[in-house]
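Colleague: Residue numbers (the working numbering), protein chains in the order written: chain Y, 491 to 753; chain R, 491 to 753. In this text, a Cβ means the ideal position worked out from N, Cα and C, and glycines have one as well. All values derive from a computational prediction rather than experimental measurement.
Protein chains: 2
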Amino acid sequence: MTSHDHTENPAGPRLFVDATLAPGAAVALGPEQTHYLLRVMRRAPGSAVLAFNGRDGLWHARIDAGDRRRVVLAVETQVQQQPTAHGPWLAFGIPKRPALELILQKGTELGAARFLPVASARSQAERLNPERLSRIVIEAAEQCERLDLPEVSPVQRLGDFLDNWPAERALLWCDEQGDGVPLADALDGLFADEQAAEPRPWGLMTGPEGGFATGELDGLAELPFVTKVALGPRILRAETAALAALAIGQALAGDGDLPVRAL
Amino acid sequence: MTSHDHTENPAGPRLFVDATLAPGAAVALGPEQTHYLLRVMRRAPGSAVLAFNGRDGLWHARIDAGDRRRVVLAVETQVQQQPTAHGPWLAFGIPKRPALELILQKGTELGAARFLPVASARSQAERLNPERLSRIVIEAAEQCERLDLPEVSPVQRLGDFLDNWPAERALLWCDEQGDGVPLADALDGLFADEQAAEPRPWGLMTGPEGGFATGELDGLAELPFVTKVALGPRILRAETAALAALAIGQALAGDGDLPVRAL
C-alpha cells in the first residue's frame with residue numbers, strides 16, 4: 491500500500507519484458523534495462539530478478555550471460571500465474587501532459603485495465619507519444635506489482651468513442667455540472683445484484699480541463715449504458731477527478747482479487 | 491468536477507486574502523496577486539473578483555484604487571456564508587517533495603480539513619517550507635472553490651502524533667502489509683449508526699515511501715481509536731495511497747454538503 495524499494499524484495503527487482511516467459515527461456519534485455527540492473531540496482535551476474543510480460547505470469551529469473559551493455563536473463567520457474575484481467579476502463583478527455591501522465595501512472599496502480607484518451611472540444615493535443623505513455627504504464631506496473639499491463643487505446647473523437655463503447659459495459663460519466671447521482675450510490679446500484687454470475691464490467695469517463703462544451707454531450711442521456719455521476723461538492727482538477735473516481739469505484743466494486751463488497 | 495478556467499466565472503477570479511472581509515472593506519493585495527489580476531487575468535479597475543479568507547465566507551469585490559504594483563479590492567456583498575469545516579484529517583509519513591505536494595494539492599481538492607505530516611524512521615526531510623506548502627493549499631482552495639482552508643500542522647514525530655491524536659476521532663490506518671479490513675468496510679462500520687446526532691469525526695494515516703519500519707508500529711493495535719485498513723491488492727505509491735483513501739473515505743462518509751450516504 492506504500493511503495494517499496496526494489497532492493498527490499500529478496501526475489502529481486504521486477505522487470506517487464508516483451509519476450510515469452512517459459513522454463514529455460516533466455517531473454518535478452520535492452521541497454522536501458524541492462525543499465526538499470528547493473529548500474530542503478532548494482533546487480534551482478536547470478537542475481538535474482540522477477541520477470542513478467544503481461545501474458546505469462548511472474549517468473550524467477552537470473553542474470554546470466556551477456557556483456558555490460560546487453561544482459562541476458564535465464565528464466566527459471568513460474569512464481570505466479572497470469573491473473574484474468576477484470577479491471578475497469580478509464581476514459582478521459584485528454585488533459586495537459588502532467589495530468590495525463592498522473593492519470594496513467596496512478597490509474598495503473600489503481601487497477602485500470604484500459605485507458606481511453608478522448609479528443610473533445612476542449613481537450614489537449616491529440617498526438618500522444620505512445621512510447622512515452624507505454625513506459626509510464628510499464629514502470630507503474632513494475633512498481634505496484636501488477637502482472638497485467640493496462641492497454642492505452644488510440645485517441646478517439648468523442649462521437650466515435652461513444653459509438654465504439656461496448657453496451658454491456660456500464661459507463662459512469664463524471665458530470666462536472668454536478669447533477670449526477672453520487673458515484674457511491676451509482677456503484678451500489680450497479681453491483682446490487684449479488685446473484686449475478688459475474689459482476690457487470692464498468693468504466694469511467696472524466697472531462698478534460700475546462701470540461702465538455704455546451705451541446706457536446708447532447709444525446710448522452712439516451713445512451714442506455716451511461717449513468718451520470720457526481721464526485722462531491724468541489725471542483726476537481728481533471729486528473730484528480732479521474733483518480734478519485736477510479737479509487738472509489740475499485741473500493742466499491744471489489745478490486746482485483748478482493749471479493750465484491752457485501753452491500 | 492473538472493477544472494475550469496477562472497476566466498469562465500462571471501463573478502470573476504477567486505482570490506484568497508488574509509484580511510477580514512466585510513461590506514465596504516478595502517483589501518490591499520500584494521504584488522503577486524496584483525500581477526495575477528492585472529497581467530495574467532488581464533483585469534482592469536472596476537472588474538469583479540470573488541474574495542475569501544477561510545473565515546468570513548465568499549464576497550463580491552471589485553478592483554478599486556491602487557497602482558500597477560498594489561491593487562486594492564473594494565469588498566461589496568457576501569455571496570456565501572462560511573461553511574462549518576467538518577472534513578477528515580489526513581496524516582502521512584513525510585514522502586519526497588513531489589509526492590508531498592500532490593498530497594497537499596489534491597487533498598485540498600478532496601476536502602481534507604487538516605494535513606498532519608509525521609516524521610518516522612523512513613520519512614523524508616522534516617524541515618518543510620511552510621510558505622510553499624501554504625501557497626499550494628491556497629491555490630488548490632481557490633481552484634476547487636473551497637472556502638475553508640485546510641491547516642498544515644507542524645511536523646510531529648510518530649510517537650507524539652499518536653499521543654496527540656484526539657481519541658474521539660477515528661484513525662483509519664492504511665496498512666501497507668495489507669492485513670487490515672477493506673477501507674470501505676471499515677467506513678461502513680464507522681458510519682453505521684445513522685441515529686447518531688453527528689457522524690464521528692475521522693482521519694487517515696498513510697506511510698512514507700518504504701512504509702513503516704519493523705517495530706515502529708508496536709502498540710498500535712492497543713490504541714482504541716485506530717482501525718487498520720487495506721486499500722486493495724496492489725502496492726500503491728505513498729501519495730496514491732493517501733489520495734485514494736481520502737477519495738474513498740469522502741465518498742462513503744458523505745463529503746462536505748453531501749448527506750451521509752444511506753448504507
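#1: Quick check on the DSSP output: the alpha helix (DSSP H) that includes R:Val645 runs from which residue to which?
#2: Is there a Cβ from chain R that is less than 8 Å from the Cβ of Y:Arg504?
#3: Quick test of your reading: Y:Pro698 and Y:Arg612, contact by CB under 8 Å. State the CB separation rounded to the nearest angstrom.
#4: Let me check understanding here. Comparing Cα to Cα, which of R:Ala609, R:Phe651 and R:Leu590 lies closest to R:Val627?
#5: R:Gly700: buried (16+ other C-beta within 10 angstroms of its C-beta) or exposed?
#6: Please look up how many angstroms separate the CB atoms of Y:Val642 and Y:Phe582, rounded, as I've assumed it's under 8 Å.
#7: Spatial neighbours of Y:Arg659 within its chain, please: CB distance less than 8 Å, with the 5 preceding and 5 following residues excluded, ordered by chain position.
#8: Which residues does DSSP list as the beta-bridge partners of R:Pro474?
#9: I think Y:Ala734 touches R:Ala737, with their Cβ atoms under 8 Å apart; what is that distance to the nearest whole Å?
#10: Under 8 Å Cβ-Cβ, which residues of chain R neighbour Y:Ile584?
#11: Thinking just about the alpha-carbon of each residue, which of R:Gln646, R:Arg617 and R:Ala609 is nearest to the one in R:Ala703?
#12: For R:Cys634, which three-state DSSP category applies?
#13: To the nearest angstrom, how far is it from the Cα of R:Gln595 to the Cα of R:Ala657?
#14: Any idea if R:Ala551 is buried or exposed, counting beta-carbon neighbours within 10 angstroms, 16 or more meaning buried?
#15: By DSSP, does R:Val569 sit in helix, in strand, or in coil?
#16: Is there a Cβ from chain R that is less than 8 Å from the Cβ of Y:Gln633?
#17: Measuring straight from C-alpha to C-alpha, what distance separates R:Pro503 and R:Ala538?
#18: Please identify the residue among Y:Ile584, Y:Pro620 and Y:Ala541 whose C-alpha is closest to the C-alpha of Y:Ala566.
#19: In the stretch 699-724 of chain Y, which residues sit with their C-beta less than 8 Å from some C-beta in chain R, listed in chain order?
#20: Hey, does R:Ser493 have any beta-carbon neighbour from chain Y nearer than 8 Å?
#21: State the DSSP-derived secondary structure class of Y:Ala728, mapped to helix, strand or coil.
#22: Just confirm the distance between the C-beta atoms of Y:Gly705 and Y:Leu637, as a whole number of angstroms; I'd bet it's less than 8 Å.
#23: May I have a chain-ordered list of the beta strand (DSSP E) segments no shorter than 3 residues that lie completely inside the stretch 516-576 of chain Y?
#24: Run the CB neighbour count on Y:Glu666, radius 10 Å, all protein chains shown included, and call it buried at 16 or more, exposed below.
#25: What is the residue span of the beta strand (DSSP E) that R:Gly679 lies within?
#26: Cutting at 6 Å between CB atoms, please list the residues of its own chain near R:Val562, excluding the five before and the five after it.
#27: Would you report the Cα separation of Y:Asn619 and R:Arg727, rounded to the nearest angstrom?
#28: Let me check one thing: in DSSP terms, what residues is R:Trp655 bridge-paired to?
#29: Looking at Y:Gly670: is its Cβ nearer than 8 Å to the Cβ of Y:Ala720?
#30: R:Gln570: buried (16+ other C-beta within 10 angstroms of its C-beta) or exposed?
#31: Let me confirm a value: Y:Ala674 is counted as buried when at least 16 other C-beta atoms fall within 10 Å, else exposed. Which label applies?
#32: Closest Cβ-Cβ distance between R:Thr730 and chain Y: below 8 Å?
#33: Give the interface partners of Y:Leu742 over in chain R, defined as CB-CB distance under 7 Å, in chain order.
Modeller: Well, looking at it:
#1: Segment: none, R:Val645 is in no alpha helix (DSSP H) and carries neither H nor E.
#2: So, not an interface residue.
#3: About 5 Å separates the two Cβ atoms, so the contact holds.
#4: R:Leu590
#5: buried
#6: Contact flag wrong, Cβ pair sits at about 11 Å.
#7: Trp579, Arg690, Pro691, Trp692, Gly693 and Phe715
#8: Because chain R spans 491 through 753 in this model, residue 474 of chain R falls outside it and cannot be assessed.
#9: 4 Å
#10: Correct list: empty, because the minimum Cβ distance to chain R is about 12 Å.
#11: R:Ala609
#12: helix
#13: Their backbone Cα atoms lie some 27 Å apart in a straight line.
#14: buried
#15: Strand at R:Val569.
#16: Interface residue, yes.
#17: 8 Å
#18: A quick correction: the sequence has Glu, not Ala, at residue 566 of chain Y. When each option's Cα is compared against that of Y:Glu566, the closest is Y:Ala541.
#19: Glu699, Gly700, Gly701, Ala720, Leu721, Gly722, Pro723 and Arg724
#20: Here R:Ser493 scores only 41 on pLDDT, less than 50, and its place in the model should not be relied on; the value that follows carries that caveat. Output row for R:Ser493: interface = yes.
#21: Looking at Y:Ala728 - three-state DSSP - the assignment turns out to be helix.
#22: Not quite, the Cβ-Cβ distance comes to about 43 Å (not below 8 Å), so this is no contact.
#23: 516-518, 538-542, 548-556 and 561-570
#24: buried
#25: R:Gly679 -> not in any beta strand (DSSP E); alpha helix (DSSP H) instead, spanning Leu673 to Leu680.
#26: Ala516, Ala518, Asp554, Ala555 and Gly556, listed in sequence order.
#27: 24 Å
#28: Note: R:Trp655 sits in no beta bridge, so no partner.
#29: Contact: yes.
#30: exposed
#31: Classification for Y:Ala674: buried.
#32: yes
#33: Ala674
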